[in-house]
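Those protein sequences? They're chains H and W, same order as listed. Mapping to my numbering: the first sequence position 190 is 190, numbers consecutive. To convert, count from 1 in the second sequence and add 238; that's my numbering. Just so it is clear, CB atoms sit at the ideal spot from N, CA and C, and this is done for glycine as well.
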Amino acid sequence: MPEWPEPVKRWDDLSEDRQTREDFLAESQPFVRHVAVQTCGRFLEWGRDEELSEALIAFNEAINHFEPGKGVPFLAYARLLIKRRLIDYFRRQKHNDTLSLDLAEVNQAVDLRLSVAEFREREQNRERAQEIQEFASELSKWGLQFQDLVETSPKHRDTRASLLRAAQTLAFTPTLWHQVEEKGKVPIQALAAEAGFHPKVLERGRKYLLAVALLMARRHDYIYLREYVIPPERRTAL
Amino acid sequence: MKAQKAVILEKSGTLCTILTADGSFRTMRSSSAAEVGEEIEIKNGGGGLRDGWGGFSVWASAAVLLFLILTGIWHFGFSRTEVPVALLSVDINPSLELKLNAGDRVIQAIALNQDAESLLKNLSYKGRSSQEVLGEIVGRAVKLHFLNKEHPWVLLGLAPVAGRTQSLTGFDLSGLVDQLSVQTDGQGTTVHLAAFQLTGDQQQKAQAQGLTPGQYALWVSAEKAGFSLSAHALSDPAERDRLLSEPKVQAETGSWGGILKMGEAVPAQGKGQGTSNQGQGRSTPSRSMPDRGLSMSTQGRSRSTQGRSGSSQEPSEKRPAGRSVPAAEKGTGAKGSAEREKGSEKHKKQEDGQSGMAPSQTEIAPALQSFLSESEAGLRTENHEHE
Chain H
1 MPEWPEPVKR WDDLSEDRQT REDFLAESQP FVRHVAVQTC GRFLEWGRDE
51 ELSEALIAFN EAINHFEPGK GVPFLAYARL LIKRRLIDYF RRQKHNDTLS
101 LDLAEVNQAV DLRLSVAEFR EREQNRERAQ EIQEFASELS KWGLQFQDLV
151 ETSPKHRDTR ASLLRAAQTL AFTPTLWHQV EEKGKVPIQA LAAEAGFHPK
201 VLERGRKYLL AVALLMARRH DYIYLREYVI PPERRTAL
Chain W
239 MKAQKAVILE KSGTLCTILT ADGSFRTMRS SSAAEVGEEI EIKNGGGGLR
289 DGWGGFSVWA SAAVLLFLIL TGIWHFGFSR TEVPVALLSV DINPSLELKL
339 NAGDRVIQAI ALNQDAESLL KNLSYKGRSS QEVLGEIVGR AVKLHFLNKE
389 HPWVLLGLAP VAGRTQSLTG FDLSGLVDQL SVQTDGQGTT VHLAAFQLTG
439 DQQQKAQAQG LTPGQYALWV SAEKAGFSLS AHALSDPAER DRLLSEPKVQ
489 AETGSWGGIL KMGEAVPAQG KGQGTSNQGQ GRSTPSRSMP DRGLSMSTQG
539 RSRSTQGRSG SSQEPSEKRP AGRSVPAAEK GTGAKGSAER EKGSEKHKKQ
589 EDGQSGMAPS QTEIAPALQS FLSESEAGLR TENHEHE
């Protein structure tokens, strides 16, 4: 079974050890770029686009201010700080029309200082709701609705555990996930062979399997929702 | 009752769809205060909604739970006294699973195919012992002709539920099989029983193959006996019956501790009708055997032979003979002979590799005694080897 892409880290090491932080910043560049591209609505390149530098500064600030153990995923907190910093950047640069955000949102003064507690109280539910809306939209592209997932969600704990493991294999095996995105369906036989499950088990839970694999594979998009389908020791990894 | 977090995905009136911390998508009733994106706490198996950040009061939660129970939509599982620790799979032609608590009480019965749904219809099982429920299920299977002369096998598999790695204690599979055997024989019904107990690891492997615990154990036994077949084949009841009737497979199940009980129906009346010998089970104290892929407690094997018209059975032949004695066999000797003839033909078909016809009624006693003596001697030797 493929390993989870993000290794578990100790927060103390990140805060105190310079090398660990630098390594973490380097590893997190794909996430930072992903959020910046989404916020700006255009292709961005390191070393060329100032927005990415701003985003990285915001990410570093998030590391400085984050408090682990408060029930807030670090990446969710960082994501919001990156967005806010980019909004502020564009207000200063007067490039509002390039943003993919509401005009009302842009015109409001952005407070760059946001503690984890404040985030949790004021922003987290809204962020989570937005993520859910995006997930619903993604599911509809695959012909799925939440009700389909309720109907196919395994009632047996054993079966559910098996399908979650199969989803992990599907999401993190590049050849398999490529087939999903190319052909628009789950390669049951190939997955059964790779993951060691019976095809019938996978076929019965196909819709659930696909939905969960989406949450796992699109890890930068579904920061909150994936916490519900990944192993407990991987949750809020920082 | 342990709580777990969940997030509200969508709301429609008083119903909301949630995603729970164990990856399950569910629908439940909610209060209007909870919104999409909000995280809530739900009790494991609970139907009520409680806001983890101080939304509902304890009384409101209790009221919601009571409401759900009264409206009969409680279907999220288990209270503290109904935590499943084991599951008992039952494969006849219908396949089903019984979830058991630590007191060997049935807390859930799950049909795995359509035939099992008819078997479980209106069955009252909650809180009853596994033995009672299983006895009733087998009785129904006989009445509905799922169990008959052509398909006399009941395959049982006992395994811990997911997440439990300790071996199951407090479950007497051997006793369960003995009682069931006595019950079915006493009703004049021939039922053969095969039972296995799996560890947590083995159950995971079974799950991965899409097999019940009993099917998985039979599959492994058949492979060890030299039969090459896919796991999928075990979902076919006819294939399972065929394998269970194979002497080599029976020997393999016995060698690592599976329990076989060959039913011998005892008619209520009549002389010379079958034999009065019931399944002769020899039980030894349970102990763990060295792991041979499946670790199980050592149990006695039951062997029995019965009389039919025809030549005598070889005394040295240790193969258990599945006997089909019609339940209604009574009356005159002529009729009895005719029935035995009919049974003999079917018996021949069932026992692959066995030559000739079984011994006549009058030759049973000495042949049986000889066979049982050899069985006991063999069993003692085997048990001694494993000490």
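The residue among W:Asn351, W:Gln352, W:Leu372 with its C-alpha nearest the C-alpha of Leu361 (chain W) is W:Leu372. DSSP places His178 (chain H) inside the alpha helix (DSSP H), whose first and last residues are 174-183. The three-state secondary structure of Leu396 (chain W), taken from DSSP, is strand. Annotated three-state conformation of His470 (chain W) is helix, per DSSP.
Sorting W:Ile256, W:Arg264, W:Arg478, W:Gly261 by C-alpha distance to the C-alpha of Ile278 (chain W) places W:Ile256 at the top. Straight through space, the alpha carbons of Leu358 (chain W) and Leu164 (chain H) are spaced by roughly 30 Å. For the pair of segments examined, the region 38-45 of chain H was found not to touch the region 182-196 of chain H: the number of CB pairs separated by less than 8 Å stays below three. For the region 333-376 of chain W, the continuous alpha helix (DSSP H) assignments of 4+ residues that do not extend past its boundaries occur at 352-358, in sequence order.
Taking C-alpha positions only, Leu191 (chain H) is separated from Gln130 (chain H) by approximately 31 Å. Between Pro451 (chain W) and Leu436 (chain W), the C-beta spacing is below 7 Å. Apart from the 5 residues on each side of it in sequence, Ser368 (chain W) sits with its Cβ closer than 7 Å to the Cβ of Leu326, Leu336, Leu338, Asp342, Val344, Leu414 in its chain, given in chain order. Residues of the region 122-143 of chain H with a C-beta less than 9 Å from any C-beta of chain W: Gln124, Asn125, Arg126, Glu127, Arg128, Ala129, Gln130, Glu131, Ile132, Gln133, Phe135, Ala136, listed in chain order. Closer than 7 Å to the CB of Gly438 (chain W) there is not a single CB belonging to chain H. The alpha-carbon separation between Pro231 (chain H) and Arg378 (chain W) amounts to approximately 42 Å. Interface flag for Arg79 (chain H) against chain W is unset, since no Cβ pair is found closer than 7 Å. Around the CB of Asn64 (chain H), fewer than 16 other CB atoms lie within 10 Å, so the residue is classed as exposed. Taking the Cα of Gly251 (chain W) as reference, the smallest distance to any Cα among W:Arg267, W:Pro390, W:Ala244 is reached at W:Arg267. Of all residues in the region 439-450 of chain W, only Gln445, Ala446, Gln447, Gly448 place a beta-carbon less than 7 Å from a beta-carbon of chain H.
DSSP lists W:Val245, W:Phe263 as the bridge partner or partners of Leu257 (chain W). For Phe197 (chain H), the C-beta contacts it makes with chain W under 9 Å involve Gln445, Ala446, Gln447, Gly448, in order along the chain.
Within the region 252-286 of chain W, contact with chain H at the beta-carbon level (separation under 8 Å) is assigned to Thr255, Leu257, Thr258, Ala259, Asp260, Gly261, Ser262, Phe263, Arg264, Thr265, Glu273, Val274, Gly275, Glu276, Glu277. Take Ser28 (chain H), set aside five residues on each side of it, and the residues of its chain with a beta-carbon closer than 7 Å to its own are Phe59, in chain order.
Taking all protein chains shown into account, Asp416 (chain W) has 16 or more neighbouring C-beta atoms within 10 Å of its C-beta and is therefore buried.
DSSP, reduced to helix, strand and coil, places Leu385 (chain W) outside both helices and strands of the structure shown, so it counts as coil. Remark: fewer than three beta-carbon pairs, one from each stretch, lie closer than 8 Å, so the region 220-228 of chain H and the region 171-182 of chain H are not flagged as touching. For Ala469 (chain W), the chain H residues whose Cβ falls inside 8 Å of its Cβ are His198, in order along the chain. Minimum Cα-Cα distance from Leu170 (chain H) among the listed residues H:Phe197, H:Phe119, H:Ala78 corresponds to H:Phe197.
In the structure shown, Leu44 (chain H) falls within a coil segment according to DSSP collapsed to helix, strand and coil.
Under DSSP, Ser250 (chain W) forms a beta bridge with W:Leu253. His383 (chain W) counts as exposed, since fewer than 16 other beta carbons sit within 10 angstroms of its beta carbon.
Only residues of its own chain outside the window of five on either side were considered, and among them Asp353, Phe384, His389, Pro475 have a CB closer than 7 Å to the CB of Asn331 (chain W), listed in chain order. Val328 (chain W) is positioned such that its CB atom lies no closer than 7 Å to that of Leu253 (chain W).
Within 7 Å of the CB of Leu247 (chain W), the CB atoms of chain H belong to Ile132, Phe146, in sequence order along the chain.
In this structure Ala259 (chain W) touches Lys243 (chain W) by the C-beta definition: roughly 5 Å separates them, less than 8 Å.
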